[in-house]
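Novice: In the numbering used here, the protein residues as written are 8 to 270. Even glycine gets a Cβ: it sits at the ideal position worked out from N, Cα and C.
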C-alpha cells in the first residue's frame, strides 16, 4: 500500500496529538506480539526503522518490533514501509500503540515540522501539568525501595509499587512533607502508561499530585484543577511523563509557573 503524503497542516495536527511518530516496515498483518491481548484483523507488527517522537522512558525503539492497532488494515501488506503517528496503548515486555495517521513521507521530511509542533504542544501541556500539581520541587533521589503497602491501586493485578525518597533542593509550588517520598508503579496488568520511574542519584524537577488511578484525571478534572494542600501523610506521585523534568529545565519551569500564577 502506498500511504499518501500529508499537508503541513495535517502533519502539525497529528504531531500535536501523537505520542509516537516513527517509520517502520510491516512484518505481519492481523497479528501482534503482546501478552494477554486477543488478535484483531486491524493489528500489525511493525519493525521500527526511524524514530521522530517517542516517550524517552521507553528507550531507543529503533530496530524493535511493536504492535500497531491500525485505523484500517485495508490495503496494508507485509513489507510496506510508512511513517506512523500513534498514541499510547500498551506498555509491557513489548509495546502496543494506536494509529491516528500514516503517511508515505519519510521521517527526515517530517522531522522539523513534528519537532516544532511537539515542542509547542509540550509547552502548553507542561503549563497544564503545573496548574494541576499539588507540589513542584527540584532535588535528588536518595534511595528507592519496594513499598510494603498492599492497599495501593492494582496490587491485586500484579502491580508493584515502589517509593523514591527525595532530597528537596528547592520548593517551587506547595508545601512538602518533612520526608518526601514519591510512589510509582512497576509491572502488572493495569495500563499505567509511561509513568516516570526513579533511580538513586537522579536529579530533576518533579510535578507531584495525589497517588491515583491511571484515568483519575480524566474522570475528575475539576478536582485536579483545584488541588488540596500537601499533607504530611499524603502519598504523592508523578503520573504523566511531563511530571518529571531534567534539572536543566528548572528555569523554564519557574518561568511557566510565574505565567500560570498570573493567569
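Could you pull out every unbroken beta strand (DSSP E) segment of at least 3 residues lying fully inside the stretch 9-64, listed in chain order?
Specialist: If we require 3 residues or more, the beta strand (DSSP E) runs fully inside the stretch 9-64 come out as 27-36 and 50-60.
Novice: Tell me which residue opens and which closes the alpha helix (DSSP H) that residue 128 is part of.
Specialist: Unbroken alpha helix (DSSP H) run through residue 128: 114-139.
Novice: Give me the Cβ distance between residue 110 and residue 23, rounded to the nearest whole Å; I'm assuming they're in contact under 8 Å.
Specialist: Contact flag wrong, Cβ pair sits at about 15 Å.
Novice: Within 10 angstroms of the Cβ of residue 183, are there 16 or more other Cβ atoms? Answer buried if so, exposed if not.
Specialist: Answer is buried; the Cβ neighbour count reaches 16.
Novice: Are there three or more Cβ pairs, one per stretch, closer than 8 Å when the stretch 29-39 is compared with the stretch 137-148?
Specialist: No, they do not touch.
Novice: Give the straight-line distance between the Cα atoms of residue 58 and residue 50, rounded to the nearest whole angstrom.
Specialist: Going by the C-alpha atoms only, they are around 20 Å apart.
Novice: Could you compute how far the alpha carbon of residue 48 sits from the alpha carbon of residue 194?
Specialist: For residue 48 and residue 194, the distance between alpha carbons rounds to 27 Å.
Novice: Rounded to whole angstroms, what's the CA-CA distance from residue 62 to residue 101? Just pull it up for me.
Specialist: Distance between the alpha carbons of residue 62 and residue 101: 14 Å.
Novice: Closest to residue 78 by C-alpha separation, out of 44, 216, 104 and 244, would be which residue?
Specialist: Comparing Cα positions, the closest option is 104.
Novice: Would you call residue 250 buried or exposed, if buried means 16 or more other Cβ atoms sit within 10 Å of its Cβ?
Specialist: Burial call: buried.
Novice: Can you have a look at residue 86 and say buried or exposed, based on whether 16 or more other CB atoms are within 10 angstroms of its CB?
Specialist: Residue 86 should be labelled exposed.
Novice: Taking DSSP's pairing of strands, which residues face residue 172 in a bridge?
Specialist: Beta-bridge pairing links residue 172 to 150 and 188.
Novice: Would residue 121 and residue 93 be called neighbours here (beta carbons separated by less than 8 Å)?
Specialist: Contact: no.
Novice: Tell me which residues share the same chain as residue 151 and place their Cβ nearer than 8 Å to its Cβ, disregarding the 5 neighbours each side in the sequence.
Specialist: Same-chain partners within the cutoff: 169, 170, 171, 172, 205, 206 and 207.
Novice: Going by beta carbon distance, what residues of the same chain come within less than 7 Å of residue 252, once the five residues before and after it are set aside?
Specialist: Taken in chain order, the residues that qualify are 211, 212 and 260.
Novice: Can you have a look at residue 96 and say buried or exposed, based on whether 16 or more other CB atoms are within 10 angstroms of its CB?
Specialist: By the neighbour-count rule (16 or more Cβ atoms within 10 Å), residue 96 is buried.
Novice: Any idea what DSSP makes of residue 237, helix, strand or coil?
Specialist: Here the model assigns residue 237 a pLDDT of 48, short of 50, so the residue's position is not dependable, and the following value carries that caveat. Residue 237: coil per DSSP, three-state reduction.
Novice: What residues in its chain sit with their C-beta under 8 Å from that of residue 137, if we drop five residues either side in the sequence?
Specialist: Cβ within range, chain order: 143, 180, 214, 260, 263, 264 and 267.
Novice: From this set, 175, 186, 191 and 220, which residue's C-alpha is nearest residue 153's C-alpha?
Specialist: Selected option, being the one with the closest Cα: 191.
Novice: Helix, strand or coil for residue 177, going by three-state DSSP, please let me know.
Specialist: Correct three-state label for residue 177: strand.
Novice: Could you tell me which of 244, 148, 243 and 175 sits nearest to residue 209, measuring between CA atoms?
Specialist: Selected option, being the one with the closest Cα: 148.
Novice: Hey, how far is the Cα of residue 132 from the Cα of residue 31?
Specialist: The straight-line gap from Cα to Cα measures roughly 28 Å.
Novice: Please report the Cβ distance between residue 175 and residue 146, rounded to the nearest whole angstrom; I am assuming they are in contact, meaning their Cβ atoms lie under 8 Å.
Specialist: Right, their Cβ atoms sit about 5 Å apart.
Novice: What distance in whole Å lies between the Cβ atoms of residue 159 and residue 99, which are believed to be in contact at a cut-off of 8 Å?
Specialist: No, residue 99 and residue 159 are not in contact; Cβ-Cβ is about 19 Å, not under 8 Å.
Novice: Report all residues from its chain with a CB closer than 7 Å to the CB of residue 247; omit the five preceding and five following residues, and keep chain order.
Specialist: Same-chain partners within the cutoff: 136.
Novice: Under the three-state reduction of DSSP, which class applies to residue 155: helix, strand or coil?
Specialist: It is coil, neither helix nor strand.
Novice: Beta strand (DSSP E) containing residue 162: first to last residue?
Specialist: From DSSP, residue 162 is part of no beta strand (DSSP E); its letter is neither H nor E.
Novice: Check the DSSP bridge columns for residue 106 and list the partner residues they point to.
Specialist: Residue 106 pairs with 93.
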